Each structure stands twice: as C-alpha cells, then as structure tokens.
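**Q**
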C-alpha cells in the first residue's frame, strides 16, 4: 500500500493514541500508591503491620465478591444479589457445621448454596432473557428473606474453634490472592475469558461468531454466586458465627463502587480483575482512613459517593476523549 | 494545481448557471446555501479541507464520495452536531453559526436519514409533527393537543407529496417506503427549505425508489434546496442536476450532470480509473457439497431448496422482506427451523446435519457490520480471531496464545489489504470499507467450506467494493463456496454462477449464468410470471 503524507500523519496519531491507552491503565494504581505514601507520612498508625493486615483482611470479602461481580459486569450484566447470597450461604453452611461439626462439608455446602443461587440468577438472565438488575434485585430480597427465615433472625454460634484457626488472617488473604490470580488468568489467557469480553462488547456479533452466549452468561452468574459462597466461609470464620445481617444491602454498593472505580465499564466489555482488586483496596482504604482520623460514618459515605461519581466521570470523559 | 482546476470548474459552473437562467425558467434559481472554505480536523484525519460549494433552489445537488471522503462530516456540520474548524456557512446571504441541532432546524435544514426514523407506536400524524407538538395545544394554558388540527396539518404535508397515507394509521403498519414519506413530510413540516437526503434509497425496494424519485422531482419544482447524498452513481444521473464529488475531504469535482458520464464521476471519486475486472473466476466447480431441501422457518422462508457445489458462488436474489436474511438465519441455526433438511458433504458422502453442526463449517457475513459483524471497541486481532479461537488455544485448558493470534491477524490484514496502522487498531477507527474487509478477514481466517454473505458490499465505496468482489472470486477459486445476497442487480449478476430468486419466502426460479438477464430477474422478484 502506498503511504501518502496524510496516512503517515494518521498513523502517528493512532500510535500515540495507543500509547495513551496503555498509560490510562496505570493511572489509578499510581494514584493509589501516591495516596498510600501520603498516608504513611501523615497518618500515624497507618503504616503499622497490624493495620495493613487488618486492611487486607477487610478487603478480602469485598474483593472476592468484586471479582465475581467483575466477571458478570464484563458481559454487560450486573449482580447485586452477591452479599445477600453470601449471607444465605453462610447461614445454611454454619447451621450444618454447628449441628454436625463437619467443617469440610459445611464449607462445601456454602459454596453449593452460592452456586445454586447464582444459577437461578443466570438462568433467568441468560435463558429467560430477563433484565439482570431486576432479577438480581429480586434475588437479593429473596435471599435476605431466606437467611432470616433459616435462623429465625438469630446468630448461629457454637462453631468449632478449628474453623477460625484454619481460616485465619493469612489464609483469608491467601484465598483472596488465589481467587484474584485465577480469575485474572482466566480473563487474560483463556478462551472463556475472551468470550466474556466479546459478549460485553457486542452480544450480537458474539452470537453470530458462534460463541455460546447464553451458556457463558449463565456461567458468569454461577461464578459470582460461587464467590459469594467463598466469602460466606470467610465471613463466618472471621466472626466465628453466622447471622442473616452479615450481608447488608450497603455492602453491594461498596462492591459495585470498587469494581467501577477499578475501571470496569457499566456497559460491559471493559475491565480487569487487577482493576477490581485495586478498586476494592481503594474503597476499604477510604473506610480505614476515615476510621483512623475519626471521621463520622456519614462523611465517609459522602466521600465514597463523590469518588464514585468522579471515577465514572473520568471513564466517560476518557472514552469521549479517545474517540475525539 | 487543484485550486486552479477548482477555479476553472467554478467558472464553468457559473456560466452554466447563467445559461440556466437564460433558458427561461420562469422562476429564478435562487442561491440559498453557500458553503465557504470549510475545514475540519479530527485527531489523525483531515476530514474536510477547504470545501466550498453553492446550492441553488429548484435543482437537485448530488453529493458523492467514497467512504471516508467527508460526506458525513459535512452533514454533521450542517446539522449542528459538530463545529467546523474554519470556514463559514451562508444561508440566504447571511453568515450563520450552527451551534446545535435546534439551530439547524430553525434555519430550515432538515435531514432525511438513511436509517428510517419513525416511532412505530405513534400514529402517522404524530410522527410528522413530532417536533412541534406543543404548538398544537387546544388552549395555550393546558397541555392538551388539538387532534383534529394536527391531523389536518399532517395531511397537508402528505398531500404536498401526493401520497395518500391515512394519517390515523400506526406507523408500524406502514411499508418502508411509506415511512420514508412520513419522514420527508416531517422535514417539510419543520419548515425545512434545505433538505438533505442521506442515502435515502439504501433501504428501499425498486418500486419505492421510483416513487421517492417522483417526489424529489416534485419537490424540486418548489422553492427548496435539495442535496442528495448517495453511493449509487446511477441515482445521480437519474435525479440530480448538479453533482459535487468529495475525495479525502476535498472537492474534486463540480459538474453539471448532463456534461459527465459515470466514468468521469468515478474518476473524480477515486482519482484513477477503476478497470472493470474483465475476467471472473473460471466456472469450474467441484462436487456437490451441500443440499438443502424444504427449509421452512417460523415465518420465512417457505420450502426453499437448493444445492451448492464446491467453489460455486450462488446468488440469492429477492426484494426486501422476501426472506433472504431469514433463509440464512434459519439455515445456520439462529432462527428456528420448522421443517427441512440440510445435507452436507463429509468424508465424501452427503450426510444429514443439524443447523448448529452445519454452522461449524460455515461463515456468516451479516448485513449490518456494526450491529452484528464487529466488536467496535476491540482491536482488530481480537475481532479476527473471535470466530476461530479454538485454533489459537491449547487443547485442554483452552489457554490462548495471543502471539499466534496477532501473527495470523497481521497475515490476513495484508492478505485482504486492510489499510490499518497495525493489528492493535480498534475496529471503529477504520473506515466503512476497511471495516467490512475485517469482517471478511475474520471469516476467511476460520477457513469455512461455505460462506454466507448478506450484502457483502453494503455501504462500501467503489474501490473497496471492487476489492471485495475480487477477494470473493479468489476465495471461490481456492475452494470456498459462497451464498450471496445482494440488492444490487449488477453485482449479483457479476459475482454469481447461479441465482435463486426468492419471492414471499419461496424460491420461484433458478437461473444459471448463461441465462442471466436483468429483465427476467426483475420480473421474477416482483412475482411476475416466471
């Protein structure tokens, strides 16, 4: 092909655009590191070992659910039932453990309940073509109801002490790292992961290209449910008890904000697990800082709201800027 | 050089305009719209470069150019959607600044879009007067509309066009052509005196096209400026009086239609002669690889049967709504098949297959590349490998080897001659013709045995069209069989070895290359005696 001056000019522009896109993925991590440095200098207790571990343990539950929600959101859906499913799974599993003392099967039961709830979500969205927001909203209230009904509104206590010993701080953080690592690998390197992006980008093209779209979407909700199940195990061990209120509605806000701040597009097709992890750390960090410097709760909510709006604004502005 | 030539052309045009007046039109051709030295830069592209032209009333001004020549940018400037970097728009002698679509509307600029924009659930009169409904309140103070007045007003505009659609029908029940009329009436009702037709015929059937042309001719007689944008050069000669050609954002030709021929026009558009490809692929075709019988879908098609040989190019010819796309979708398993059999050659024998299994050996280039052909926000290499990911993945864990994908993408970018900077470019950054080539490339990459194509050159410029047609011939020679739908008679006659004609979902005739004739094909699709 002959290259005229004009096309050369275009080439330069597009190449510089491609470089810019690479930069944009690094901006948020840089920002967080910057905040971290500032915190280490100005907030006294922040850089202590205890606080950091504490922070990471706090991140893990939200972070793991955020991984699941990320997978759903990349295909263009959303799963707001995650915390409620988590509570149901935890309550049912913990109940089983409290009665039989069988830790292994109790934990597996939590995963199964999570996956089952996810499968219901997925079936409604993928095969019945129902709207994800409405389906998962309904599942959220249903699961909160189940959790309360199962426990009659009370906490389930009397779990074997082993449970909290096996799932201590380090195994919890380790689980988070493993989950995030596996998910990141799936998204980056596997056919399934690529399919998610195709579907989120254009579901029609994906279908014509021979991708089993309904099945993949179905699977994403199961994965999200499974993540909720994992978090059920973690939360039960942290509290060494399970109660229906452990997955409050507000938690889903933290999760979705974490995911959105991490650069996962609400419209689907864009986002990474790394982003979701960074977003989760960010959200919990804000909570943590507010605690340390003694800011009341309502201010914290206020701040988080503003940060989410900023994140979405930057995302929108970014795409507009790139498209010219 | 170019400037000099432009000046010459302008001088000539001026003379001709003067001649026009002498010829004794009773009413004068009034200069209504002037575009002066408009330039617009996008990151990376000079979309418009010093574009100027004048538009007079009582004549139809054709605007042509290949994809990416700057037509849409010009339209968007006139519509107030984007602002020019330089230059001015002058309407009736006054310089205007079109800051937003509202202002464009107030200035009398009205668009008749390519994609028909009507509200299916509203009635015809509501559709026509939609933008000024508030003007038709029965009393100023209350938000109730005076329906009778509305109906009368809407009827007025429909009568102007000489078409008798009942204003009370719901728009959903109208034909595409009638919807087009509603759209034009809407433009007129908004006080439009500069009408911009943006490829209005691309969704119309032949008959509807003719009535649209009648209406445009009628409108020409009134005091309007009509700018007609199209890909189809024949239309220019049919209804335009003058033509302006854009190429790479510049005006390369301004002519009176009577003084030029198609060849000149193409010359202006692409800058060099495109030789009509003399030869087509040799007619040798191999064994029968596909036989479908009595394919019947939910609504369309009805009882369609055909067979296909290796390396053969089969055309499917029919009007819009005759079940062309539905035939493809039913065959490939995207729509439900009520009845029918697909028998496909495997290991030397024709075996019955389900459509889902059959799809594995095929490709499907859809009609709407943005809707179902591309992942616009994704890089080219991901677009291309999407249909054959398994080829690039490990066997058990399905781990992708991106390097392999990229290499393959690079290979096909060269093979199909896509003008892209590299394989990391995002699909939306390409022009229409190149996007279509990406869609082709991705299916070629899958190496299908049968490739179904729905309007493979829709909305693609002349030179890209020729390239795509050449590619189809090459691939057919290498053994891929094609089934092609096209609305362009010339194209389908040129490409195909055999054509089956659909009418109302049924295949009414089958014509082989020796017997192709325009008359027969045209009469068959309208249900004429065959």
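Residue numbers (this note's numbering), protein chains in the order written: chain A, 1 to 324; chain B, 325 to 854. Even glycine gets a Cβ: it sits at the ideal position worked out from N, Cα and C. What you are looking at is a predicted structure, and each value in this text was computed from that prediction instead of being measured.
(1) I want to verify the contact list: residues of chain A whose CB lies under 7 Å from the CB of residue 723(B), in sequence order.
(2) Given a cut-off of 9 Å on the beta-carbon distance, is the pair residue 277(A) and residue 262(A) in contact?
(3) DSSP on residue 719(B), reduced to helix/strand/coil?
(4) What in chain A is Cβ-close to residue 696(B), meaning under 8 Å?
(5) Please report how far the alpha carbon of residue 281(A) lies from the alpha carbon of residue 56(A), in whole angstroms.
(6) I need the DSSP call for residue 694(B), collapsed to helix, strand or coil.
(7) Can you tell me the Cα-Cα spacing of residue 774(B) and residue 702(B), whole angstroms?
(8) May I ask which residues mark the beginning and end of the alpha helix (DSSP H) holding residue 558(B)?
(9) Pop quiz: residue 76(A) and residue 267(A) are said to be a contact at Cβ under 8 Å. What is the actual Cβ separation, rounded to whole angstroms?
(10) With DSSP run on the structure shown, which of helix, strand or coil describes residue 306(B)?
(11) Pull up the CB-CB distance for residue 375(B) and residue 398(B), whole angstroms please, since I reckon it's below 8 Å.
(12) In angstroms, rounded to a whole number, what distance separates the CA positions of residue 798(B) and residue 720(B)?
(13) Please report the distance separating the alpha-carbon of residue 759(B) from that of residue 751(B).
(14) Hey, could you find the ends of the alpha helix (DSSP H) residue 810(B) is sitting in?
(15) Going by alpha carbons, who is nearest to residue 279(A) out of 257(A), 78(A), 296(A) and 299(A)?
(16) Which complete alpha helix (DSSP H) runs does the stretch 261 to 305 of chain A hold, if anything under 4 residues is left out?
(17) How far does the beta strand (DSSP E) with residue 416(B) in it reach, from first residue to last?
(18) If we ignore side chains and look at the alpha-carbon of each, how far apart do residue 117(A) and residue 516(B) end up?
(19) Do residue 372(B) and residue 425(B) have their beta-carbon atoms positioned less than 9 Å apart in this structure?
(20) Ordered along the chain, which non-local residues of its own chain (more than five positions away) have a Cβ less than 6 Å from that of residue 251(A)?
(21) Give the DSSP-derived three-state secondary structure of residue 494(B) in the structure shown.
(22) For residue 19(A) and residue 726(B), what's the separation of their Cα atoms in angstroms?
(23) With a cut-off of 8 Å on the beta carbons, I'd call residue 141(A) and residue 91(A) a contact; round off their distance for me.
(24) Determine, for residue 775(B), whether the minimum Cβ-Cβ distance to residues of chain A falls below 9 Å.
(25) Please report the straight-line C-alpha distance between residue 395(B) and residue 592(B), rounded to a whole angstrom.
(26) Please name the residues in the stretch 247 to 272 of chain A whose beta-carbon is closer than 7 Å to at least one beta-carbon of chain B, in chain order.
(27) Leaving out the 5 sequence neighbours to the left and right, which residues in its chain are closer than 6 Å to residue 680(B) when beta-carbon positions are compared?
(28) Output, in chain order, the set of chain A residues within a Cβ distance shorter than 7 Å of residue 749(B).
(29) From residue 381(B) to residue 402(B), what distance separates their C-alpha atoms?
(30) In angstroms, rounded to a whole number, what distance separates the CA positions of residue 14(A) and residue 749(B)?
(31) Shortest alpha-carbon distance to residue 783(B) belongs to which of 560(B), 765(B), 804(B) and 556(B)?
(32) Using a beta-carbon distance below 9 Å, is residue 492(B) in contact with chain A?
(33) Quickly, what does DSSP pair residue 580(B) with across the bridge? List them, please.
(34) Given a threshold of 16 other Cβ atoms within 10 Å of its Cβ, counted over all protein chains shown, does residue 695(B) qualify as buried or as exposed?
(35) From the DSSP output, in three-state form, read off residue 270(B) for me.
(36) Does the stretch 804 to 821 of chain B come within contact of the stretch 631 to 647 of chain B, defined as at least 3 CB pairs closer than 8 Å?
**A** With the given structure in hand:
(1) Position 399 of the second chain holds residue 723(B). Near residue 723(B) (Cβ distances below 7 Å), the residues of chain A are 189 and 190.
(2) Against the first chain, residue 277(A) aligns to sequence position 277. Against the first chain, residue 262(A) aligns to sequence position 262. Their beta carbons are under 9 Å apart, which means residue 277(A) touches residue 262(A) by this criterion.
(3) Within the second chain, numbered from 1, the residue matching residue 719(B) stands at position 395. Residue 719(B): coil per DSSP, three-state reduction.
(4) Locating residue 696(B) in the second chain gives position 372, counting from the first residue. Residues of chain A passing the Cβ test: 202, 204, 205, 207 and 208.
(5) Taking the first residue of the first chain as position 1, residue 281(A) is located at position 281. Taking the first residue of the first chain as position 1, residue 56(A) is located at position 56. Spanning the two alpha carbons is a distance of roughly 8 Å.
(6) Reading the second chain from its first residue, position 370 is the one you call residue 694(B). Looking at residue 694(B) - three-state DSSP - the assignment turns out to be helix.
(7) Here residue 774(B) refers to the residue found at position 450 when the second chain is read from its first residue. Here residue 702(B) refers to the residue found at position 378 when the second chain is read from its first residue. Rounded to whole angstroms, residue 774(B) to residue 702(B) spans 26 Å at the Cα level.
(8) Within the second chain, numbered from 1, the residue matching residue 558(B) stands at position 234. Per DSSP, residue 558(B) belongs to the alpha helix (DSSP H) from 557 to 563.
(9) For this step, residue 76(A) is matched to residue 76 along the first chain. For this step, residue 267(A) is matched to residue 267 along the first chain. Confirmed, Cβ separation roughly 7 Å.
(10) In the structure displayed, chain B extends from 325 to 854; residue 306(B) sits before or after that span and is not available.
(11) Here the question's residue 375(B) lines up with position 51 in the second chain. Here the question's residue 398(B) lines up with position 74 in the second chain. Their Cβ separation, rounded to whole angstroms, is 7 Å, which keeps residue 375(B) and residue 398(B) in contact under 8 Å.
(12) As a first step, residue 798(B) must be located in the second chain, where it is residue number 474. As a first step, residue 720(B) must be located in the second chain, where it is residue number 396. Their Cα atoms are separated by approximately 35 Å.
(13) Within the second chain, numbered from 1, the residue matching residue 759(B) stands at position 435. Within the second chain, numbered from 1, the residue matching residue 751(B) stands at position 427. If I take the Cα positions, the gap works out to 7 Å.
(14) Mapped onto the second chain, residue 810(B) falls at position 486. Counting along the chain, residue 810(B) falls outside any alpha helix (DSSP H), and DSSP gives it neither H nor E.
(15) In the first chain, residue 279(A) corresponds to position 279, counting from 1. Checking every option, the nearest Cα to that of residue 279(A) belongs to 257(A).
(16) 273 to 292
(17) In the second chain, the residue the question calls residue 416(B) occupies position 92. Here residue 416(B) belongs to no beta strand (DSSP E), and DSSP marks it neither H nor E.
(18) Counting from 1 along the first chain, the entry for residue 117(A) is found at position 117. Counting from 1 along the second chain, the entry for residue 516(B) is found at position 192. In a straight line, the C-alpha of residue 117(A) is about 57 Å away from that of residue 516(B).
(19) Looking up residue 425(B) in the second chain gives position 101. Looking up residue 372(B) in the second chain gives position 48. It is not a contact, given that the beta carbons lie outside the stated cut-off.
(20) Numbered from its first residue, the first chain carries residue 251(A) at position 251. Counting only Cβ-Cβ distances below 6 Å, and skipping sequence neighbours, we find 83.
(21) As a position in the second chain, residue 494(B) is number 170, starting the count at 1. Residue state, collapsed to three classes: strand.
(22) Counting from 1 along the first chain, the entry for residue 19(A) is found at position 19. Counting from 1 along the second chain, the entry for residue 726(B) is found at position 402. Taking the straight line from one Cα to the other gives about 19 Å.
(23) Within the first chain, residue 141(A) is the residue found at index 141, counting from 1. Within the first chain, residue 91(A) is the residue found at index 91, counting from 1. Not really, about 16 Å apart at Cβ, beyond 8 Å.
(24) Position 451 of the second chain holds residue 775(B). No, because no Cβ of chain A sits closer than 9 Å to the Cβ of residue 775(B).
(25) Residue 395(B) sits at position 71 when you count from the first residue of the second chain. Residue 592(B) sits at position 268 when you count from the first residue of the second chain. When rounded, the distance between both Cα atoms is 14 Å.
(26) 269
(27) Mapped onto the second chain, residue 680(B) falls at position 356. Correct list, in chain order: 657.
(28) Mapped onto the second chain, residue 749(B) falls at position 425. 14, listed in chain order.
(29) In the second chain, the residue the question calls residue 381(B) occupies position 57. In the second chain, the residue the question calls residue 402(B) occupies position 78. Approximately 17 Å, taken between the alpha carbons.
(30) Numbered from its first residue, the first chain carries residue 14(A) at position 14. Numbered from its first residue, the second chain carries residue 749(B) at position 425. Rounded to the nearest angstrom, the two C-alpha atoms are 8 Å apart.
(31) Locating residue 783(B) in the second chain gives position 459, counting from the first residue. Residue 556(B) is the option with its Cα nearest to residue 783(B).
(32) One-based indexing of the second chain puts residue 492(B) at position 168. No, residue 492(B) does not count as interfacial toward chain A.
(33) Residue numbering aside, residue 580(B) sits at position 256 when the second chain is read from its first letter. According to DSSP, which records beta bridges pairwise, residue 580(B) is partnered with 566(B).
(34) As a working mapping, residue 695(B) is identified with position 371 in the second chain. The residue is exposed, with fewer than 16 neighbouring Cβ atoms inside 10 Å.
(35) Coverage of chain B is limited to positions 325 through 854, which leaves residue 270(B) absent and any answer about it impossible.
(36) yes
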